[in-house]
Each structure stands twice: as C-alpha cells, then as structure tokens.
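Structure, as structure tokens:
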Amino acid sequence: MSEEKNRSSILKAAKDRARQSEMQSNIQMITDAIGDRRDRDLLDILSQLEQDTGWPIALEYLLEAKDFCYSLPIGSGPIRTQLEPLKYREMVFSIFSCDGLEPIITPTIELLTPLKDEHSLLDASRKLRNRIEQLAMNQIQSGDTLFFDSSDFGISFSKEFSNTLDQMMNKQIHGLVLEKHNDEIDISPLWQYETGRLTLSKLGIRGKEIDLETANLVLSVIQQPITISNSSTHNSSPLHHPTNPKYRELLDCIIEQNIDGLRSLSSRHSYIILKQLLEEAIDRYAQTSSSLDYRRILNLINAHVRIRTPESIQLLQLLINHKDIRIASVAITALGNFYHESAVYVLVDSLCDTKNMEIVRRTTAAIKTIARRCPETNYVIMQALESACTHKARLRHIQKEIGKQKALY
C-alpha cells in the first residue's frame with residue numbers, strides 16, 4: 027500500500043513538473059514574439075492557446091510574459107533582457123486592435139485583468155476597445171494628446187473620436203506663445219503637444235531652449251500662428267504632459283536624445299528621433315571617417331534593432347545601398363533581425379543584384395536568420411528563383427536549409 031502511494035506521489039509530481047514546463051514554454055513563446063515585434067505570430071499563439079486551454083489561461087500567460095526575458099540580437103544590448111515596458115504595451119494594444127491609444131494613463135495590467143471574465147479574445151477585444159476609447163477621450167479632452175496617433179486607429183474607433191483628437195491637436199498648437207530670454211527661445215510648450223514634438227524630433231532638436239534662427243526654422247515647418255514674446259525670467263516651462271509616467275519618461279528621453287533610455291523603453295515613437303540621429307551620424311562619419319563616429323552609427327543601428335519598428339526596415343534598406351561597405355554590411359546584419367517578409371524582400375533583392383562577395387555573404391546569413399522566425403521567407407525565395415537573380419544557387423541552398431528547420435510553435 028505504501029509502495030503504491032509512493033508511485034502515485036511520484037507520478038503526480040512528474041505531471042506537475044510537465045504542466046509547469048509547458049506553461050513556462052508557452053509564456054516564453056509569447057515573450058519572444060513580443061520582444062521581436064512579431065504581432066501576427068503573437069496573435070496566432072494566443073489564438074491557439076485559447077483553443078487549447080481557454081481564453082482565461084491564454085490571458086494569464088500574456089500577463090505573466092510582462093516579467094519574462096527574451097534573447098537580444100548580438101550588439102543590441104545584453105544577451106537577455108526583460109521585456110521593455112512600452113514595447114510590451116504597444117504589442118498588447120496591437121493584438122486588441124487598440125493601436126494609437128497606448129498613452130492612456132491606466133496601467134496595462136489593470137486594463138487586462140478584468141478581461142479574464144470574457145469567453146474569447148474577440149469578446150475581450152470588444153470590451154477593451156470600448157473602455158480604452160472612453161479613457162482616451164477623457165484624457166484628450168483634458169489637453170493631453172502627446173503620443174496619441176490617429177493614423178493607427180483604422181475602423182476600430184468612432185469617427186467622432188478621431189475628429190476630437192485632430193481638433194484638439196490643432197487647437198493646442200494654434201496661437202501658442204513661446205517666451206524669449208536674451209538669445210534663447212523656450213520651446214518647452216512645443217514639446218507638450220504632438221505636432222510640436224513630431225516637428226522637433228524630425229529636425230533633430232535637442233533640449234528645451236534654442237536660438238532664434240533655429241526657432242524660426244521650426245516655426246516655418248509647423249506653419250501655425252505661433253508667437254515669440256520677450257520674457258524677463260529665464261526658466262523653462264514645466265512639462266505637464268503626458269500624464270502617463272512611462273510616456274513622460276519617453277518624452278524626456280526624446281528631448282535629451284538619450285539613446286540608452288529610448289532603447290530600454292523600446293517605443294515605436296522613438297523611430298523619428300533615432301532616424302534623424304542616425305542620418306546625422308552617417309553624414310558626420312562621411313566627413314571624418316573616425317572610429318568614434320562609426321561606433322555611434324553602430325550604436326544607433328543597434329537601437330533600431332532593439333526597438334524593431336517596421337519603419338526601420340525602410341531606413342535600413344537605404345543603408346544597404348550605401349557606398350561605404352562598412353555601413354552597408356552592418357545594415358544587412360541588422361535587417362536579419364526584423365522577422366517580417368518585407369525585410370526578406372529587401373535582402374533577397376540585394377543578394378540577387380550584387381556582385382560584391384561580402385554583401386553576398388552578409389545577405390545570405392541575414393536571410394537564414396530571418397527564416398528561423400518568418401515562414402514567409404520560403405515564398406519570397408521562390409519568387410526570386412523565377413526572376414533574373416544573379417545568385418540562384420545560393421537561394422536554392424538557403425531554401426534547402428529552411429526546409430530542415432523545425433516549426434517555431
């Protein structure tokens with residue numbers, strides 16, 4: 027009897043370990059998809075988990091993933107890192123079709139936890155969208171419009187909501203007054219509003235004070251009736267927005283051009299300033315050819331890889347064709363960490379067109395890297411094999427290796 031009880035206890039412990047291992051594996055799959063910004067894979071994983079275990083368990087795994095770590099590409103940071111807070115939030119909002127409303131002040135976990143009572147991802151999405159739209163409407167009407175992005179709304183939210191955001195943004199920037207003290211213009215008010223933030227980021231402006239010549243350039247781009255008035259004091263206006271603490275931190279990093287800070291938050295809103303800084307670094311390197319300037323280029327490209335916005339693929343595509351082989355090579359390697367078919371198309375086209383063997387070697391390695399987490403790679407290669415590609419033999423070899431890889435999930 028005692029022996030039978032021991033066997034039963036051992037069997038139960040083994041089953042518990044197996045369940046725990048499976049749970050950890052599922053959470054890790056979710057974490058990796060978020061870390062890599064593989065939104066379609068994330069949706070597929072959650073849908074499969076919902077089918078296998080039920081929606082409440084799938085949601086529990088998504089909540090647990092917030093504190094999990096994932097592997098980073100070489101050069102973009104430590105070997106493993108915990109999911110970046112704004113990347114996690116943006117990916118979560120994306121799968122629930124709430125893109126563009128991430129700056130609401132309510133924490134992600136507080137938004138997700140009540141969804142455990144829903145029966146499916148579809149039901150949960152409807153409930154969450156209704157709640158988030160109301161929260162966002164209240165926040166926008168209070169004057170906090172920073173980082174809200176109406177271009178991402180699609181058909182998920184009402185036209186009235188989109189119009190309210192656009193009207194508030196126009197109202198905020200129209201008739202704004204900037205204070206001038208001696209030769210410095212306080213541009214803190216411009217950083218407070220989305221139109222101003224986007225313009226300042228695109229121009230690569232750093233800090234909260236600029237000279238009159240730079241201020242006139244900024245105003246010529248914004249093209250709104252903004253006044254500059256003299257002030258007897260020399261204090262920058264305090265920043266009141268955004269009210270979401272993480273997005274306030276993001277704004278501070280953008281203003282100060284804090285690359286490490288932008289990397290650690292990993293928001294897609296970092297793209298504009300990182301693009302501007304990278305282009306400036308490349309221009310400077312063309313003049314100096316210094317190792318210090320080249321290392322800055324590497325640092326900025328690695329920041330793009332860490333954050334992994336789709337827009338970065340277009341930027342890296344331009345760099346692949348750069349006349350400096352050192353810049354082109356690192357751009358190719360970086361593209362190998364964007365697990366999307368658009369990156370595969372860019373790399374395959376580069377491989378087919380080039381006669382430079384260093385580019386051939388780099389693109390081959392990058393395509394193989396993407397293929398591990400982007401099943402569309404094989405289709406892109408098949409299309410290229412039907413074209414006038416210079417390196418069809420290499421493509422066939424890559425295709426053969428892809429066929430040996432096991433499914434990601």
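Final position of the sequence shown in the numbering used here is 435; the numbers increase by one with none missing. Just so it is clear, CB atoms sit at the ideal spot from N, CA and C, and this is done for glycine as well.
Secondary structure at T107: strand, using DSSP grouped into helix, strand and coil. Judged by DSSP secondary structure, H423 falls outside any beta strand (DSSP E) and instead within the alpha helix (DSSP H) spanning K418 to K430. With 16 or more other CB atoms across the displayed protein chains lying within 10 angstroms of its CB, E205 is buried. Runs of the alpha helix (DSSP H) lying entirely within the segment 274-312, each at least 4 residues long, are 285-291 in chain order. The closest CA to that of D125, considering only S151, A419, L75 and E275, is found on S151. In this structure, I308 lies away from I339, with their beta-carbon atoms at least 9 Å apart.
Comparing alpha-carbon positions, the option among L341, V372 and Y405 lying closest to H330 turns out to be L341. Close CB contacts of V247 within its chain, under the 6 Å cut and outside five residues either way in sequence, are with T225 (chain order).
Within the segment 117-181, the runs of alpha helix (DSSP H) at least 4 residues long that lie entirely inside it are, in chain order, 134-138 and 147-167.
About 6 Å separates the beta carbons of I424 and K394, which is inside the 8 Å limit, making them a contact pair. Rounded to the nearest whole angstrom, the CA to CA distance from D319 to I285 is 15 Å. For S338, the uninterrupted alpha helix (DSSP H) segment begins and ends at P336 to I346.
Of the candidates S177, A91, F187 and S47, the residue whose Cα lies closest to the Cα of N156 is F187. For the 9 Å CB-CB criterion, C400 and V374 do not form a contact.
Out of S376, T171 and M163, the CA that lies nearest to the CA of K185 is found in M163. Here S316 carries a coil assignment [DSSP, helix/strand/coil].
Contact between L202 and P215 holds, with the beta-carbon distance rounding to 6 Å and staying under 8 Å.
If you ignore the 5 residues before and after L377, its C-beta comes within less than 6 Å of the C-beta of T389 and H417, all in its own chain and listed in chain order. Fewer than three pairs of CB atoms, one per stretch, sit closer than 8 Å, so the segment 130-143 makes no contact with the segment 308-317. When the alpha-carbon of F122 is set against those of L137, P271, E412 and L361, the nearest one is in L137. The segment 46-61 and the segment 70-81 touch, with no fewer than 3 CB-CB distances between them shorter than 8 Å.
Proximity to D93 across P82, R106 and P99 peaks at R106, based on C-alpha coordinates. Here R66 is exposed. Its C-beta has fewer than 16 other C-beta atoms within 10 Å. Ranked by Cα distance from V118, the options A44, L89, S290 and P251 are led by L89. Proximity to H207 across L172, L161, I83 and S255 peaks at S255, based on C-alpha coordinates. Classified as buried, I281 has 16 or more neighbouring CB atoms from the shown chains inside 10 Å of its CB. DSSP places N208 outside both helix and strand once states are collapsed to three, so it counts as coil.
Relative to the Cα of F173, the nearest Cα in the group P104, L154, P251 and L276 belongs to L276.
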